[in-house]
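One structure is given here, and the rest of the page talks about it.
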Amino acid sequence: MSNTIRLLLVDDHQVVRLGLRALLSAESDLQVVGEANSTAEALAQVESLRPEVVLMDVRLPDQSGITACQRIRQRWPEVQVLMLTSFADEDLVLAAIKAGAAGYVLKQVGTDELIKAVRAVAQGDAVLDPAVTRKLLAHVRRAGQEAQAAAFRDLSERELQVLAQVAEGKTNAEIGAVLMLGEKTVRNHVSTILAKLGCTNRIEAATYAVRNHLERYTHEV
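Mapping the sequence shown onto my numbering, position 13 (from 1) lands on 1221, and the numbers just tick up by one.
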């Protein structure tokens, strides 16, 4: 069995395809077996040539490269798709990953890094450009922060203060003393908080508050 990695280049710019062909064909273990400039042509080429790896641009004239990736992975799951594009937008990266892409590399990548990425996806590994990884991590962190903020969106400022005291293990009387509230008022706040958070007791509410970093959304009393 040959160790040569068969490649299909998919990009609507002929100059880009020519450059990639020259670059990749210089490696003894890489063989460019075909080129395509659209999703339709890419699917036809994959069906007839059965490459191990498809280098796919995100922007194509008929459909997106992400759509092409998804269709290739559905019909030929053994074919790996490496997105090679100028766009580092995190939404595109996430969409490509969901479509089954094995990697996402920017066209600004160095020669050695690109060749390494091709070999990696051919072996079943996943590859993300460092610049893409930074954006993706920022996206994940931002999504996490938004989810945490949403965890308390139904609580009023006073209820947040009461919950913060509950999370510290204080009794209703102790909370009332800190917040200058009557014990009955505190008890009513706690009941409302439990209902809004879907918690059955104070321990669950305290755990929920800690897990979602309540301290980020409350002010010192």
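Glycine included, C-beta positions come from ideal geometry on N, C-alpha and C.
*Over the uninterrupted alpha helix (DSSP H) stretch that includes Val1329, give me the two end residues.*
1319 to 1330
*asked:* Applying the 10 Å Cβ sphere with the 16-neighbour rule, what's the burial state of Glu1412?
replied: exposed
*Going by the CB atoms, is the gap between Glu1260 and Ala1330 shorter than 8 Å?*
A Cβ-Cβ contact shorter than 8 Å links Ala1330 with Glu1260.
_Check this for me: beta carbons of Ala1248 and Leu1216, under 8 Å apart or not?_
no
_Assigned exposure category for Asp1320 - 16 Cβ within 10 Å defines buried_ = exposed
*Quick one: give me the first and last residue of the beta strand (DSSP E) that Glu1243 is part of.*
1238 to 1244
*Mind checking if Leu1371 is an interface residue toward chain D, Cβ cutoff 8 Å exclusive?*
Absent from the structure: chain D. Only one protein chain is present.
*Of all the options Arg1395, Gln1278, Gln1239, Glu1367, which has the alpha carbon lying nearest to the alpha carbon of Thr1379?*
Arg1395
*Does DSSP put Arg1361 in a helix, in a strand, or in coil?*
coil
*Are the region 1288 to 1298 and the region 1310 to 1318 in contact at 8 Å, needing three or more beta carbon pairs?*
A contact exists between the region 1288 to 1298 and the region 1310 to 1318.
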